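Written out as structure tokens, the structure reads:
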């Protein structure tokens with residue numbers, strides 16, 4: 001197999017098009033451990049509507065809390081851009097701490 005044919009075969013097996021370009025990957029959405037637990041819990045709660053509703057409500061509360069934190073960080077970042085007296089430090093603790 002010549003070099004061009006080999007490269008073409010490698011590209012095809014990697015999902016690339018004829019020009020060797022990789023397809024646009026689907027956007028990834030990171031989820032926290034708590035969100036993953038809710039998903040697993042919902043999948044396991046077959047037809048227990050009361051348990052499903054409770055899990056959905058807990059997950060919605062968790063998502064709202066996370067949104068408040070994100071909005072606060074965004075506001076702090078905007079304030080820091082307008083003032084020399086404010087600094088913002090962002091540390092990803094998702095793997096370490098769970099938002100309760």
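Numbering (UniProt numbering), first residue to last: 1 to 100.
Just so it is clear, CB atoms sit at the ideal spot from N, CA and C, and this is done for glycine as well.
Computed from a prediction, not measured in an experiment: that's the story for all the values here.
Cutoff 8 Å; reference residue 87; Cβ partners in own chain excluding five residues on either side: 80
Would you check if there are 3 or more beta carbon pairs closer than 8 Å linking the stretch 55-74 to the stretch 32-44? yes
Euclidean distance between Cα positions of residue 92 and residue 45: 32 Å
Indicate the three-state DSSP secondary structure (helix, strand or coil) for residue 58 in the structure shown. helix
Answer yes or no: do residue 52 and residue 61 have a C-beta to C-beta separation smaller than 8 Å? no
For the putative contact between residue 73 and residue 55, defined by C-beta atoms under 8 Å, what is the C-beta separation to the nearest angstrom? 27 Å between Cβ atoms; not a contact.
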